[in-house]
């Protein structure tokens, strides 16, 4: 019975670790998903939040995708990223570890001492840096895109990121 419960718990834990965030709008302020906040008529904060910690690069890609979609929705051709912010999380320990514990007790006329040794061999470590959110401050532009690494062609970016990140619809 105990073995079955342990196996089911292990499978559920592995499934939870294997899931990645879905690209969708946030249901409310601070919830998981993407959101955008206007700063001026052509400037926005675009944020993608994960439910918990997730791959930081994936969160940045989702924020870029939302920025490109927002640009197209406003009838513009390209956007410029003024600032980037990633709320990084410390990765969990990745190597093996050993722990030693000592305990004692007294039961009436009897007493006892115990020593325990535990070994932790991790099955895997998180790939890349983990983060809770990625935020971009963007400016929308139209016409010819500037030749700069901070400027993105919205239409090309949407096509590339959707093909790479999202399942076919």
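Numbering (the working numbering), first residue to last: -14 to 154. Note that CB positions come from ideal geometry on N, CA and C, so glycine has one too. As the structure is a prediction and not an experimental result, all values here were calculated from the model.
Where residue i sits in the DSSP three-state scheme
i	result
residue 122	strand
residue 114	coil
residue 133	coil
residue 14	coil
residue 62	coil
residue 2	Legend: pLDDT at residue 2 = 48, less than 50; position of this residue unreliable, no value from coordinates given.
residue 27	coil
residue 53	helix
residue 38	strand
residue 149	helix
Residue i, buried or exposed, once every other Cβ within 10 Å from all chains shown has been counted against 16
i	result
residue 45	buried
residue 121	buried
residue 31	buried
residue 139	buried
residue 144	exposed
residue 22	exposed
residue 20	buried
residue 93	exposed
Residue i and residue j closer than 8 Å at C-beta
i	j	result
residue 73	residue 52	no
residue 47	residue 29	no
residue 116	residue 39	yes
residue 49	residue 151	no
residue 17	residue 36	yes
residue 71	residue 119	yes
residue 84	residue 97	no
residue 43	residue 5	yes
task = Check whether the segment 52 to 65 touches the segment 118 to 127, taking contact to mean three or more Cβ pairs, one atom from each stretch, closer than 8 Å.
result = Contact holds: three or more Cβ-Cβ distances are below 8 Å.
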